[in-house]
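Chemist: Before I ask anything, let me first share the structure, which is written out below as structure tokens.
2 protein chains.
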Amino acid sequence: MKQQLSIIKIGGNVINNQEHLDAFLKDFEALDTLKILVHGGGRKATEMADSIGLEPKMIGGRRVTDEANLEVVVMIYAGLLNKSIVAKLQSLGCNALGLTGADANVITAHKRIVKEIDYGFAGDIDKVDAKTIRVLIQQGIVPVFSAITHDKKGQLLNTNADTIASELAKGLSKDFEVELIYCFEKNGVLEDIDDDDSVIEKINSKRYQNLKNEGIIAEGMLPKMENCFDALHNGVQKVIIGQPDLIGNRTLKHSTLIL
Amino acid sequence: MKQQLSIIKIGGNVINNQEHLDAFLKDFEALDTLKILVHGGGRKATEMADSIGLEPKMIGGRRVTDEANLEVVVMIYAGLLNKSIVAKLQSLGCNALGLTGADANVITAHKRIVKEIDYGFAGDIDKVDAKTIRVLIQQGIVPVFSAITHDKKGQLLNTNADTIASELAKGLSKDFEVELIYCFEKNGVLEDIDDDDSVIEKINSKRYQNLKNEGIIAEGMLPKMENCFDALHNGVQKVIIGQPDLIGNRTLKHSTLIL
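In order, the protein sequences belong to chains A and B.
Counting from 325, one number per residue, gives the positions in the first sequence under the numbering used here.
Counting from 325, one number per residue, gives the positions in the second sequence under the numbering used here.
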């Protein structure tokens with residue numbers, strides 16, 4: 325039987341608040357499965373860009389990563405945030421090791437191809453090296469990924485953390501029974517976006533299609549859901565969407581996605 | 325017979341110049357022994373501190389690491405510099421993995437005890453986890469250390485890169501035949517500081533004592549030499565001091581330190 329592996333992604337809503345982050349990391353440490361943490365960026369990169377006088381470059385609501393902004397996200401994501409999380413987890417007795425995709429070449433990507441929009445140094449993932457990650461995990465190491473990858477030609481790339489989590493989940497699902505958990509600011513996928521209690525508890529492919537057709541799942545939730553179903557179609561057992569508190573208390577409301 | 329392991333430390337003189345750094349990394353990749361790279365900081369951290377309006381805090385010519393400056397060095401050393409070096413090495417076919425002491429708890433330290441001077445978040449090393457580093461090396465991984473450690477209580481610490489190199493060398497000398505190489509701006513230990521050709525080729529403990537007594541080795545070289553002889557007294561086979569070009573061409577002038 326395959327061992328269970330939990331891959332958990334947290335974003336700005338956890339990272340921006342030291343108290344929330346500490347509480348989450350305590351819950352994460354207490355998880356008794358094998359585990360991987362993937363963290364997004366949060367406010368700090370924008371603050372840093374501001375304080376060195378960089379203008380945020382946005383096209384169609386999406387951040388464009390020019391060279392100067394890439395330097396900032398590498399500093400903040402792979403440096404300050406990643407190492408602070410690793411040090412905190414180590415203090416809790418969790419044997420964390422921080423990684424970007426460049427480290428041991430675990431995630432290779434390519435610079436997003438320019439169609440209508442040039443996103444700059446944004447990475448689209450080509451390959452996850454499941455073997456190396458498995459070896460680390462089997463040494464008792466808990467990988468902590470920042471949202472930076474590389475192209476194996478020397479270029480670091482800013483990469484969507486949700487996608488890193490789903491690609492890791494897919495890549496590791498041959499070796500492990502993978503549970504992928506997306507933590508965000510809501511209790512799950514909501515029937516009514518203004519009612520945090522309207523969590524849709526189970527969503528399968530058919531239900532997802534209907535929710536999409538009805539416009540209940542829309543905008544920012546769409547790419548997240550696409551990542552989830554992509555993972556499910558590629559060997560991942562289960563995807564969960566909910567609040568970060570869910571990691572410490574699985575009785576809290578959340579959405580479970582299955583095929 | 326033990327396998328040979330080269331531990332190479334580079335500092336600002338290599339890091340501050342992209343062309344030099346690229347040339348060095350090419351030579352480093354071509355080394356056919358097992359290897360570890362340790363890199364210091366360089367100019368970038370000072371530039372970043374300047375550009376966000378931090379005053380450098382110096383006491384007795386040494387930088388004092390307050391909380392804001394610690395954030396900067398973590399960003400730059402463990403983030404930007406470390407990951408840029410790792411990505412470049414990966415592009416050259418060297419399976420680099422970037423580490424701080426916090427990652428997998430490989431180097432624990434304590435905040436330097438305040439005597440006359442409070443150095444702030446400066447770390448003095450307590451322990452190197454040779455076993456974990458050995459496991460990584462035996463997986464074909466090339467560890468690349470930035471000069472950041474932690475205290476295992478959640479605190480990251482700014483740590484002298486020369487000392488990290490010598491502590492790694494000591495810790496790994498039970499498992500490997502370790503050669504420790506310090507690359508800096510001169511051709512080696514100089515008889516006459518103004519004459520770059522006056523390299524002292526062999527220095528043993530006795531010669532070192534004499535050179536110290538005569539004032540030929542003084543000031544900044546003293547802590548470097550102390551690190552070297554500390555390593556030699558603790559199992560390291562050989563310590564070499566010279567220019568970074570030495571890595572690609574061992575016939576260049578350099579100093580070899582032995583017991």
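Ideal Cβ positions, reconstructed from N, Cα and C, are used throughout, including at glycine.
Tell me where the beta strand (DSSP E) around residue 450 of chain B begins and ends.
Modeler: 447-452 is the span of the beta strand (DSSP E), which, as asked, contains residue 450 of chain B.
Chemist: According to the neighbour-count rule (16 or more other Cβ atoms, all chains shown, within 10 Å of its Cβ), is residue 475 of chain B buried or exposed?
Modeler: Its Cβ being crowded by 16 or more others within 10 Å, residue 475 of chain B is buried.
Chemist: Looking at residue 341 of chain B: is its Cβ nearer than 8 Å to the Cβ of residue 508 of chain B?
Modeler: Taking 8 Å as the Cβ cut-off, residue 341 of chain B and residue 508 of chain B do not qualify as a contacting pair.
Chemist: Report yes if the C-beta distance between residue 439 of chain A and residue 447 of chain A is below 8 Å; otherwise report no.
Modeler: Not in contact: residue 439 of chain A and residue 447 of chain A (Cβ atoms no closer than 8 Å).
Chemist: Out of A/499, A/578, A/547, state which residue places its alpha-carbon closest to the alpha-carbon of residue 525 of chain A.
Modeler: Nearest C-alpha to residue 525 of chain A: A/578.
Chemist: Here's the rule I'm using: 16 or more other beta-carbon atoms within 10 Å means buried, otherwise exposed. How should residue 573 of chain A be labelled?
Modeler: So residue 573 of chain A counts as exposed.
Chemist: Leaving aside the five residues before and after residue 406 of chain A along the sequence, list all residues of the same chain whose C-beta is less than 6 Å from its C-beta, in chain order.
Modeler: 422, 470.
Chemist: What residue does the beta strand (DSSP E) around residue 505 of chain A start on, and which one ends it?
Modeler: First-last of the beta strand (DSSP E) with residue 505 of chain A: 500-507.
Chemist: My output table needs one value for residue 399 of chain B: the three-state DSSP class, helix, strand or coil.
Modeler: Here residue 399 of chain B sits in helix by DSSP.
Chemist: May I ask you to list, following chain order, the residues of the stretch 395-407 of chain A that have a beta carbon less than 7 Å from some beta carbon of chain B?
Modeler: So the list reads 395, 398, 399, 400, 402, 403, 404, 407, given in the order they occur along the chain.
Chemist: Count the CB pairs spanning the stretch 488-506 of chain A and the stretch 548-563 of chain A that are closer than 8 Å, and state whether there are at least three.
Modeler: Yes, the stretch 488-506 of chain A is in contact with the stretch 548-563 of chain A.
Chemist: With distance defined between alpha-carbon atoms, name the residue in B/402, B/362, B/379, B/478 nearest to residue 418 of chain A.
Modeler: Considering only alpha carbons, the answer is B/478.
Chemist: Ignoring anything shorter than 4 residues, give me the alpha helix (DSSP H) runs that lie fully in the stretch 523-550 of chain B, in order along the chain.
Modeler: Those alpha helix (DSSP H) runs which fall completely within the stretch 523-550 of chain B and span 4+ residues are 529-537.
Chemist: Would you list, in chain order, the members of the stretch 417-432 of chain A that have their beta-carbon closer than 7 Å to a beta-carbon of chain B?
Modeler: Within the stretch 417-432 of chain A, the qualifying residues are 419, 421, 422, 424, 426, 427, 428, 429.
Chemist: Can you grab the Cα-Cα spacing for the pair residue 361 of chain B / residue 472 of chain A, in whole Å?
Modeler: Each residue's Cα considered, the two are about 21 Å apart.
Chemist: Quick one: what's residue 334 of chain A bridged to in DSSP?
Modeler: Per DSSP, A/363.
Chemist: Is residue 338 of chain B close to chain A? Criterion is C-beta to C-beta, closer than 8 Å.
Modeler: Answer no: the Cβ-Cβ gap between residue 338 of chain B and chain A never drops below 8 Å.
Chemist: How would you call residue 377 of chain A, buried or exposed, if buried means at least 16 neighbouring beta carbons within 10 angstroms?
Modeler: By the 10 Å Cβ count, residue 377 of chain A comes out exposed.
Chemist: What in chain B is Cβ-close to residue 479 of chain A, meaning under 9 Å?
Modeler: Correct list: 411, 415.
Chemist: Return helix, strand or coil for residue 562 of chain A, following the three-state DSSP convention.
Modeler: Three-state DSSP puts residue 562 of chain A in a strand.
Chemist: So if I threshold CB-CB distances at 7 Å, which residues from the stretch 455-466 of chain A count as touching chain B?
Modeler: The residues in question are 459, 463, 465.
Chemist: Can you tell me whether residue 353 of chain A is buried or exposed, with buried defined as 16 or more other CB within 10 angstroms of its CB?
Modeler: Flag for residue 353 of chain A reads buried.
Chemist: With the cut-off set at 8 Å, would you say residue 564 of chain A and residue 580 of chain A are in Cβ contact?
Modeler: Yes, these two residues count as a Cβ contact at 8 Å.
Chemist: So which residues of chain B does residue 474 of chain A contact, with C-beta pairs closer than 7 Å?
Modeler: Near residue 474 of chain A (Cβ distances below 7 Å), the residues of chain B are 411, 414.
Chemist: Flag residue 488 of chain B as yes if its beta-carbon sits less than 8 Å from any beta-carbon of chain A, otherwise no.
Modeler: Not closer than 8 Å to any Cβ of chain A, the Cβ of residue 488 of chain B fails to qualify, so no.
Chemist: Taking the alpha-carbon of residue 328 of chain B as reference, which of B/481, B/355, B/343, B/351 has the nearest alpha-carbon?
Modeler: Nearest option by C-alpha distance: B/355.
Chemist: Are the CB atoms of residue 409 of chain B and residue 492 of chain B within a distance shorter than 8 Å?
Modeler: Cβ distance not < 8 Å, so residue 492 of chain B and residue 409 of chain B don't count as in contact.
Chemist: Does residue 376 of chain B have its Cβ less than 8 Å from a Cβ in chain A?
Modeler: Closer than 8 Å to some Cβ of chain A, the Cβ of residue 376 of chain B qualifies, so yes.
Chemist: Using the three-state DSSP reduction, which class does residue 495 of chain B fall into: helix, strand or coil?
Modeler: Helix, per DSSP.
Chemist: What does the alpha-carbon distance come out to for the pair residue 539 of chain B and residue 516 of chain B?
Modeler: Going from the Cα of residue 539 of chain B to the Cα of residue 516 of chain B covers about 11 Å.
Chemist: Quick one: what's residue 477 of chain A bridged to in DSSP?
Modeler: DSSP lists no partner for residue 477 of chain A.
Chemist: Quick check: the Cα distance between residue 347 of chain B and residue 566 of chain B, rounded to an integer number of angstroms?
Modeler: About 16 Å.
Chemist: Straight-line CA distance for residue 518 of chain A to residue 403 of chain B?
Modeler: When rounded, the distance between both Cα atoms is 39 Å.
Chemist: Please work out which residues of its chain come closer than 6 Å, Cβ to Cβ, to residue 548 of chain B, disregarding the five sequence neighbours upstream and downstream, and give them in chain order.
Modeler: The residues are 486.
Chemist: Rounded to whole angstroms, how far is the Cβ of residue 452 of chain A from the Cβ of residue 437 of chain A, which I believe are closer than 8 Å?
Modeler: Contact flag wrong, Cβ pair sits at about 20 Å.
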